[in-house]
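Enquirer:
Chains as they are written, first to last, in this note's numbering: chain A, -13 to 71; chain B, 20 to 396.
1. What separation, rounded to the nearest whole angstrom, lies between the Cα atoms of residue 303 of chain B and residue 102 of chain B?
2. What residues of chain A sit near residue 58 of chain B, judged by a beta carbon separation below 8 Å?
3. For residue 31 of chain B versus residue 186 of chain B, is the C-beta distance shorter than 8 Å?
4. Whole alpha helix (DSSP H) runs in the segment 122 to 153 of chain B with 4 or more residues, listed along the chain?
5. Which stretch, first to last residue, makes up the alpha helix (DSSP H) that contains residue 94 of chain B?
6. Could you confirm whether any beta carbon from chain A is found closer than 8 Å to the beta carbon of residue 251 of chain B?
7. Residue 231 of chain B: buried (16+ other C-beta within 10 angstroms of its C-beta) or exposed?
8. If you drop the 5 nearest sequence neighbours on each side, which residues of the same chain put their C-beta closer than 7 Å to that of residue 221 of chain B?
9. Looking only at DSSP bridge pairs, what is residue 110 of chain B linked to?
10. Smallest Cα separation from residue 146 of chain B: which of B/270, B/182, B/82, B/237?
11. Apart from the five residues on each side of it in sequence, which residues of its chain come closer than 7 Å, Cβ to Cβ, to residue 300 of chain B?
12. For a cutoff of 8 Å on Cβ pairs, would you count residue 280 of chain B as touching chain A?
13. When you compare each of B/174, B/83, B/261 to residue 128 of chain B by their alpha carbons, which one comes out closest?
14. Would you call residue 59 of chain A buried or exposed, if buried means 16 or more other Cβ atoms sit within 10 Å of its Cβ?
15. Cα separation between residue 296 of chain B and residue 123 of chain B?
16. Compute the Euclidean distance between the alpha carbons of residue -2 of chain A and residue 39 of chain A, then round it to the nearest angstrom.
17. Would residue 320 of chain B count as contacting chain A if we go by Cβ distances under 8 Å?
18. How would you write the range of the beta strand (DSSP E) that residue 279 of chain B sits in, first residue to last?
19. Looking only at C-alpha atoms, which of B/214, B/313, B/330, B/151 sits nearest to residue 67 of chain A?
20. Please go through the same chain and pick out, in chain order, the residues whose beta-carbon is closer than 8 Å to the beta-carbon of residue 25 of chain B, but skip the five residues on each side of it.
21. Can you tell me where the beta strand (DSSP E) holding residue 329 of chain B begins and where it ends?
22. Does the CB of residue 9 of chain A have a neighbour CB from chain B at under 8 Å?
23. Is there a C-beta anywhere in chain A that falls below 8 Å from the one on residue 258 of chain B?
24. Compare the C-beta of residue 324 of chain B against all C-beta atoms of chain A and say whether one is closer than 8 Å.
25. For residue 0 of chain A and chain B, any beta-carbon pair shorter than 8 Å?
26. Comparing the C-beta of residue 83 of chain B with each C-beta of chain A, is any distance below 8 Å?
27. Go ahead and pull the three-state DSSP assignment for residue 347 of chain B.
28. Looking at the structure shown, is residue 249 of chain B part of a helix, part of a strand, or coil, going by DSSP?
29. List, in order along the chain, the chain B residues whose C-beta lies closer than 7 Å to that of residue 42 of chain A?
30. So, does the CB of residue 169 of chain B fall closer than 8 Å to a CB anywhere in chain A?
31. Does the segment 127 to 143 of chain B come close enough to the segment 49 to 56 of chain A that 3 or more CB-CB pairs lie under 8 Å?
32. By Cβ distance below 8 Å, which residues in the same chain neighbour residue 189 of chain B in space, the five residues on each side in sequence not counted?
33. Pick helix, strand or coil for residue 25 of chain B, following the three-state DSSP scheme.
34. Buried or exposed: which applies to residue 105 of chain B, given that a residue is buried once 16 or more other Cβ atoms fall within 10 Å of its Cβ?
35. Enumerate in chain order the residues of its own chain whose CB-to-CB distance from residue 288 of chain B is below 7 Å, with the five nearest sequence positions on each side excluded.
36. I want to see whether chain A comes within less than 8 Å of residue 315 of chain B, judged by CB atoms only; does it?
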């Protein structure tokens, strides 16, 4: 993270484009404030003045089948993809 | 204040970065000016598919060259760009689509592309889990693939810096200055001048505004496309699946992480640059994905976003020198800028330095008449 900030990427948006920070499971809710603090430490730009990336739905991860409004009985639970991790 | 360069590139998306890189390799001093930050336009919103399956001869040739270059790009840039040759499988659900694919395959095979029409049972082998209901076959090219748009673009930009060029982010070009019919410099919003012999307009869906600064009409229009990404799951299949039905979609599983990422082209199109997302997409896209691959129903969506395709009148790029000497354009990628990046970047660099590219780009020249549209948009 510090290496990328030192390469000249001085905003949450720019760092996000290099490292995909804020685009995983927490969608930035956990990590962005920490990264803003690192940017502050490296560049002196106060964390409170850093623009946050645009929040994107969904608020929390939701299954494709639920969002697509598939009925439960249409899905057989035995033939479903395994989640990593 | 004044800077000088051989070439000023406007726009740090993949097209500006790649073209700038190959210009720098030819020994030119390149400055890339970016209004916002690298990948802030269409490149950073693209889903990363790379294919040579098109219907237009020149597009096929350039894309085959791009695929060849993507294979060696991690070595070239010293950065793992996550190239993966998982193929593309285009699905046909009616005879008309099957015919269009067969016609395109005949053209693609003339150039030696490894592509064939496959029956539904083979489609299921290529994409395990695919529901073959209504399917009559598919066009399959195993050498198509995927890569990471951010890694590719940043790799090119870092290469430009290594070769003595530079990137100026947060630099909004306001004027393109001429003496007679020859470009001489550009001026940014802070009044800084960049003197140069050549300017490349690689401003994506804003290439019309940059063109207008030089009095050049660049006919690009933005269309909104929405995308989503799911959580990472076990490997399901390798290819990008493309369903061209009016309620179809296209999606691919990232080769390394296992995330599914995909989008669709809305009917009717949504014109104008707008990166807001809709409820319609985040319900429709999952419905379309699960219809094709039912066992994805339990996979969770992490995020949706939107970006623009910069469309040209015929769906092919707008390239070459303009009516202003030294003022070049490379835009109008019509949703294919990322996959065009390496080859079109190198060919445009040849065009600008030698006056002629090793694969002649005449059919992409801005000055062409806009006829037959690309059938595999």
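Think of the CB as a built atom: it goes at the ideal place given N, C-alpha and C, for glycine as much as any other residue. Since we're looking at a predicted model, the values are computed, not measured.
Expert: Short version:
1. 29 Å
2. 3
3. yes
4. 139 to 145
5. 92 to 96
6. yes
7. exposed
8. 28, 29, 30, 32, 34, 35, 38, 349, 350
9. B/157, B/262
10. B/270
11. 245, 323
12. no
13. B/83
14. Annotation note: pLDDT 49 at residue 59 of chain A (below 50); position unreliable, no value reported.
15. 34 Å
16. 7 Å
17. yes
18. 278 to 283
19. B/313
20. 42, 47, 48, 49, 215, 216, 217
21. 319 to 330
22. yes
23. no
24. yes
25. yes
26. no
27. strand
28. strand
29. 296, 322, 323, 324
30. yes
31. no
32. 53, 54, 55, 56
33. coil
34. buried
35. 242
36. yes
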